[in-house]
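Counting from 55, one number per residue, gives the positions in the sequence shown under the working numbering. Ideal placement from N, C-alpha and C gives every residue a C-beta, glycine not left out. The structure displayed is predicted, hence computed values, not measured ones. Reading through the structure tokens given below for one structure.
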Amino acid sequence: MAKFVCSLCGKCCGSLGSYIVIERGMGARNFYCRNGITGELFPAYIQPEYADEFEKRSAEEAAGTSGSPVTACAFLVRNPGAGGYGCAIHPTRPRLCREFRCYHMNIYDTMGGLRGRVIGQNAIRTPDASLETFWNEHIAPLPCSNRPGSRDPDWTRKVLALLASRGYRGDPVE
Ligand code: SF4
Ligand code: SF4
Numbered sequence: 055m056a057k058f059v060c061s062l063c064g065k066c067c068g069s070l071g072s073y074i075v076i077e078r079g080m081g082a083r084n085f086y087c088r089n090g091i092t093g094e095l096f097p098a099y100i101q102p103e104y105a106d107e108f109e110k111r112s113a114e115e116a117a118g119t120s121g122s123p124v125t126a127c128a129f130l131v132r133n134p135g136a137g138g139y140g141c142a143i144h145p146t147r148p149r150l151c152r153e154f155r156c157y158h159m160n161i162y163d164t165m166g167g168l169r170g171r172v173i174g175q176n177a178i179r180t181p182d183a184s185l186e187t188f189w190n191e192h193i194a195p196l197p198c199s200n201r202p203g204s205r206d207p208d209w210t211r212k213v214l215a216l217l218a219s220r221g222y223r224g225d226p227v228e
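Shown next as structure tokens:
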């Protein structure tokens, strides 16, 4: 099983993040929040390493100069160290964010080259036209109950077997 690797692109938090609602501030770095999708209530703490970026973004939001999409989470900030974006409340982020994976299976060819990734419930992202056609004709129609944080083991078993029949190796991510 492969380990999920986040490239810190920020796309997920930039589009789904408006579901994270700040209900109440308790000082500059402590908040009480709600996940608008699940209703989960959770306390959130700004991490010291993100404090400056969070304050900067909050000031820009207040002045209307942030340039952030309206759908971006209030806790999405530039990553001061590694580049890209980070979650200012990473250790206290809600369960939905902890379980989110923007891909949930890698697909390799016989030489071990990465040929594609399974995204969403049962879609594929690949530059390999023949793999894409095979996926759309034989795998996409399979019954599937994949959900964020919960993968359908029966579907996974069938997909791995179908991929193997074409010389590909599927590797689900943790
Ligand atoms: S989890 Fe989000 S930030 Fe990480 S690579 Fe996927 S879309 Fe980008
Ligand atoms: S709480 Fe963190 S991980 Fe969740 S959407 Fe906001 S920035 Fe992303």
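Specify which residues have a beta carbon nearer than 7 Å to any heavy atom of ligand 1, listing them in chain order. CYS60, SER61, LEU62, CYS63, GLY64, LYS65, CYS66, CYS67, TYR139, PHE154, ARG155, CYS156
Nearest-angstrom Cα separation, counted from GLY64 out to GLU156: By one-based count along the sequence shown, residue 156 stands at place 102. By one-based count along the sequence shown, residue 64 stands at place 10. In the sequence as displayed, the identity of residue 156 is Cys instead of Glu. Roughly 11 Å separates the two Cα atoms.
For ligand 2, is there any heavy atom lying closer than 7 Å to the beta carbon of GLY40? The structure shown does not extend to residue 40, since the chain spans only 55 to 228, so no value can be given for it.
Evaluate the contact criterion for the region 165-178 versus the region 188-207: three or more CB pairs, one atom per stretch, below 8 Å. yes
Status (buried if at least 16 other CB within 10 Å, exposed otherwise) for TYR234: In this structure the chain extends from 55 to 228, so residue 234 is not present and cannot be described.
Quick check: the region 164-174 against the region 103-121, are at least 3 beta-carbon pairs closer than 8 Å? no
Specify whether the region 95-104 and the region 130-141 touch according to this definition: at least 3 beta carbon pairs, one from each stretch, less than 8 Å apart. yes
Can you list, in chain order, the residues of its chain with a C-beta nearer than 6 Å to that of THR125? Leave out the 5 residues immediately preceding and following it. For this step, residue 125 is matched to residue 71 along the sequence shown. Same-chain partners within the cutoff: SER69, SER72.
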